[in-house]
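Okay, structure first, notes after.
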Amino acid sequence: MTAFRYTALYTLMFFASVLALFLTTYWSIGKSLQDNMAKGIEAQATALTGAHEAGELSELIRAVNRLSAASGGERVYLLLDQSGRKVAGNLGSVAPRNGWTHLSVPINGPGAPLHDSEDDETAPHDVLALGVTLPDGYFLLVGDDTDQISDAEEATIHAFLWALIPAFVLGCGGGAFLSLSYFKRIDAITQASKEIVDGDLSRRIGVRGTNDEMDRLSSNLNNMFERIEVLMESLKQVSADIAHDLRTPLSHLRQRLEAARAAPQAEGVYESAIDHAILQVDDILATFSALIRIAQIESRSRRSAFAEQSLSDIFAHVANAYAGVVADKGQVLSVHLDEGIAFVGDRSLLVQMLSNLLENALQHAPNAARIEVSLALVESDAIGVVADSGPGIPESERQNVLKRFYRLDHSRSTPGHGLGLALVAAVAELHGIEVKLGDNRPGLRVTLRFPSAART
Numbered sequence: 023m024t025a026f027r028y029t030a031l032y033t034l035m036f037f038a039s040v041l042a043l044f045l046t047t048y049w050s051i052g053k054s055l056q057d058n059m060a061k062g063i064e065a066q067a068t069a070l071t072g073a074h075e076a077g078e079l080s081e082l083i084r085a086v087n088r089l090s091a092a093s094g095g096e097r098v099y100l101l102l103d104q105s106g107r108k109v110a111g112n113l114g115s116v117a118p119r120n121g122w123t124h125l126s127v128p129i130n131g132p133g134a135p136l137h138d139s140e141d142d143e144t145a146p147h148d149v150l151a152l153g154v155t156l157p158d159g160y161f162l163l164v165g166d167d168t169d170q171i172s173d174a175e176e177a178t179i180h181a182f183l184w185a186l187i188p189a190f191v192l193g194c195g196g197g198a199f200l201s202l203s204y205f206k207r208i209d210a211i212t213q214a215s216k217e218i219v220d221g222d223l224s225r226r227i228g229v230r231g232t233n234d235e236m237d238r239l240s241s242n243l244n245n246m247f248e249r250i251e252v253l254m255e256s257l258k259q260v261s262a263d264i265a266h267d268l269r270t271p272l273s274h275l276r277q278r279l280e281a282a283r284a285a286p287q288a289e290g291v292y293e294s295a296i297d298h299a300i301l302q303v304d305d306i307l308a309t310f311s312a313l314i315r316i317a318q319i320e321s322r323s324r325r326s327a328f329a330e331q332s333l334s335d336i337f338a339h340v341a342n343a344y345a346g347v348v349a350d351k352g353q354v355l356s357v358h359l360d361e362g363i364a365f366v367g368d369r370s371l372l373v374q375m376l377s378n379l380l381e382n383a384l385q386h387a388p389n390a391a392r393i394e395v396s397l398a399l400v401e402s403d404a405i406g407v408v409a410d411s412g413p414g415i416p417e418s419e420r421q422n423v424l425k426r427f428y429r430l431d432h433s434r435s436t437p438g439h440g441l442g443l444a445l446v447a448a449v450a451e452l453h454g455i456e457v458k459l460g461d462n463r464p465g466l467r468v469t470l471r472f473p474s475a476a477r478t
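Just remember that this note's numbering sits 22 ahead of the position in the sequence shown, which is counted from 1.
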């Protein structure tokens with residue numbers, strides 16, 4: 023039903039366009055012919071007036087009669103004397119009137135044999151005429167038959183009426199073709215969406231490659247479906263990772279509590295069991311807090327807190343906060359920061375991102391290792407670096423460590439949940455920061471590219 027309405031609407035608009043074209047053509051043809059006729063009449067009248075001024079009246083009379091005879095009834099001439107009596111011409115006497123006028127005269131009326139026609143002899147005939155009073159008082163009238171204009175306009179109407187048939191066929195056919203093509207693509211989008219809702223997250227909408235509105239819509243929907251598939255797979259993976267990573271501490275917690283209950287009822291045993299239980303519960307709660315924080319960041323709700331921040335101050339603040347911890351561990355902290363670099367973002371999230379990177383370096387770099395923190399403005403981007411001389415990360419694992427709960431084999435003996443770098447990745451994506459993990463030879467070198475930074 024909708025396709026029929028669109029077809030009818032398209033046909034109606036097509037007919038309206040054809041009608042507008044006809045009216046414009048009809049008016050243009052009529053006006054052009056009338057203008058040409060008026061120019062011809064005016065030129066003839068000017069020539070006769072000039073001939074009269076240059077010669078005798080008898081010459082004008084002979085010229086008018088000669089032109090009347092040669093016109094074949096298509097053009098009318100009339101010359102009246104001062105008393106209004108006809109002197110020459112093929113038109114019956116009319117009242118003198120200067121300027122342009124429309125006359126209605128019989129086609130073969132008395133004294134005005136304009137045409138050889140099979141029509142009624144008394145039928146009126148329209149004539150466009152120009153009247154001029156000569157200097158000696160004579161009146162000259164030159165006119166032309168407007169039937170040729172009427173014939174052209176009538177031919178235009180007939181042509182338009184004949185053109186309505188193919189216009190109707192083309193309008194209906196074109197409307198049906200466009201409507202069916204349009205709704206076929208809509209149906210494809212609807213079907214793909216239904217299959218995705220039914221669980222086939224790999225389903226995509228076909229794109230024709232025409233780059234029209236429907237293609238752009240299909241491409242955007244495909245990008246959305248791809249994003250949904252990635253998020254759903256990520257959700258499944260996170261759910262599995264949570265179940266896997268929390269099962270071990272919960273199992274240990276249960277074992278310790280069971281062991282405490284089975285042990286002799288000594289006060290120290292119970293206190294030790296409770297202390298260990300509290301530590302493990304705190305560890306579990308910290309995991310959930312980190313997951314909730316990552317989810318909040320990925321929801322982009324934190325963009326409302328974006329404001330211009332001093333990136334130099336943030337780097338300096340985090341470096342100073344960890345300077346004592348680095349020194350206690352026997353490590354060396356090297357800081358090189360350009361002053362006055364500004365960046366638009368959420369200050370607390372940027373602090374959290376840098377803190378996680380330094381925490382990662384502290385945990386995995388050995389004693390006496392060197393940790394480097396630097397910030398510099400390169401053209402319109404700020405380049406931040408957090409590097410250490412620890413074991414580093416193999417190139418094949420550098421993208422994996424940015425995922426939730428992912429930990430390298432040599433890191434499983436160290437405290438943590440595998441969420442630190444995942445939170446770094448979430449904050450970076452929210453701010454449009456490019457994160458690159460590289461080799462510091464030895465150790466890990468994390469490069470942060472802050473776009474559209476500026477010097478204040």
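Heads up, the beta-carbon is just placed ideally off N, CA and C, and yes, glycines get one too.
> Who are the Cβ neighbours of Ala174 in its own chain at under 8 Å, not counting the five residues just before and after it?
Replying inline: Counting from one through the sequence shown, the residue named residue 174 turns up at place 152. Contacts found: Ile51, Gly52, Leu55.
> Apart from the five residues on each side of it in sequence, which residues of its chain come closer than 6 Å, Cβ to Cβ, to Leu355?
Replying inline: The residue given as residue 355 occupies position 333 in the sequence shown. Cβ neighbours of Leu355 beyond the five flanking positions: Ala345, Val348, Ile393.
> What is the DSSP secondary structure of Leu156, reduced to helix, strand or coil?
Replying inline: The residue given as residue 156 occupies position 134 in the sequence shown. Residue state, collapsed to three classes: coil.
> What are the start and end residues of the beta strand (DSSP E) that includes Phe337?
Replying inline: In the sequence shown, counting from the first residue as 1, residue 337 sits at position 315. Here Phe337 belongs to no beta strand (DSSP E); instead the alpha helix (DSSP H) covers 333-350.
> If Thr178 and Tyr48 are in contact, beta carbons under 8 Å, what's the gap, nearest whole angstrom?
Replying inline: In the sequence shown, counting from the first residue as 1, residue 178 sits at position 156. In the sequence shown, counting from the first residue as 1, residue 48 sits at position 26. Yes, they are in contact, since the Cβ atoms of Thr178 and Tyr48 sit about 5 Å apart, within 8 Å.
> According to DSSP, is Val191 helix, strand or coil?
Replying inline: Against the sequence shown, residue 191 aligns to sequence position 169. Note: Val191 maps to helix in three-state DSSP.
> If you drop the 5 nearest sequence neighbours on each side, which residues of the same chain put their C-beta closer than 8 Å to that of Ser402?
Replying inline: The residue labelled residue 402 in the question sits at position 380 within the sequence shown. Pro473, Ser474, Ala475, Ala476.
> What separation, rounded to the nearest whole angstrom, lies between the Cα atoms of Leu243 and Glu217?
Replying inline: Start at 1 with the first residue of the sequence shown, and residue 243 comes out as number 221. Start at 1 with the first residue of the sequence shown, and residue 217 comes out as number 195. Each residue's Cα considered, the two are about 14 Å apart.
> Which partner residues does Ile393 have in the DSSP bridge list?
Replying inline: Along the sequence shown, read from residue 1 onward, the residue named residue 393 stands at position 371. Looking at the DSSP assignment, Ile393 forms a beta bridge with Leu355, Asp410.
> By how many angstroms is the C-alpha of Gly460 removed from the C-alpha of Leu452?
Replying inline: Position 430 of the sequence shown, counted from the start, is the residue given in the question as residue 452. Position 438 of the sequence shown, counted from the start, is the residue given in the question as residue 460. Taking the straight line from one Cα to the other gives about 22 Å.
> Under a CB-based cut-off of 7 Å, is Ile415 close to chain E?
Replying inline: Within the model displayed, chain E is absent; a lone protein chain is all it includes.
> Once you ignore the five residues that flank Ala76 on each side, which residues in its own chain have a CB closer than 7 Å to its CB?
Replying inline: Residue mapping note: residue 76 aligns to position 54 of the sequence shown, counting from 1. For Ala76, where only same-chain residues beyond five positions count, there are no Cβ hits under 7 Å.
>> Which residue wins for smallest C-alpha separation from Gly412, given the options Ala383, Leu399, Val395?
In response: By 1-based counting over the sequence shown, the position of residue 412 is 390. With distances taken between Cα atoms, Gly412 lies closest to Ala383.
>> Can you check which of these residues, Asp368, Ala189, Leu371, Ala409, is closest to Ala387 by C-alpha distance?
In response: Counting from 1 along the sequence shown, the entry for residue 387 is found at position 365. It is Ala409.
> Per DSSP, which one or two residues make a beta bridge with Glu330?
Replying inline: Position 308 of the sequence shown, counting from 1, holds the residue named residue 330. Paired residue(s): Val366.
> Skipping 5 residues on each side, what residues in its chain have a beta carbon closer than 8 Å to that of Ala299?
Replying inline: On the sequence shown, residue 299 is found 277 positions in, with the first residue counted as 1. If we look at Ala299 and ignore the five residues flanking it on each side, its Cβ neighbours are Leu275, Arg278, Leu279.
> Rounded C-beta distance between Leu445 and Gly406? I'm assuming under 8 Å.
Replying inline: Here residue 445 is taken as the residue at index 423 of the sequence shown, counted from 1. Here residue 406 is taken as the residue at index 384 of the sequence shown, counted from 1. So it is not a contact: roughly 16 Å between Cβ atoms.
> Given that a residue counts as buried once 16 or more other Cβ atoms are within 10 Å of its Cβ, and exposed if not, what is Gln374?
Replying inline: Position 352 of the sequence shown holds residue 374. Gln374 should be labelled buried.
>> In the DSSP output, what is Asp57 paired with across the bridge?
In response: Residue mapping note: residue 57 aligns to position 35 of the sequence shown, counting from 1. Bridge partners of Asp57: none, in fact.
> In the DSSP assignment, what are the bridge partners of Thr123?
Replying inline: Residue 123 sits at position 101 when you count from the first residue of the sequence shown. Ala151.
> When you compare each of Thr71, Asp220, Ser240 to Val164 by their alpha carbons, which one comes out closest?
Replying inline: Here residue 164 corresponds to residue number 142 of the sequence shown, with the count starting at 1. Looking at the Cα atoms, Thr71 is the closest of the given residues.
> Exposed or buried, what is His180 when buried is set at 16 or more other beta-carbons lying within 10 Å of its beta-carbon?
Replying inline: As a position in the sequence shown, residue 180 is number 158, starting the count at 1. Classification of His180: exposed, given that the 10 Å Cβ count is below 16.
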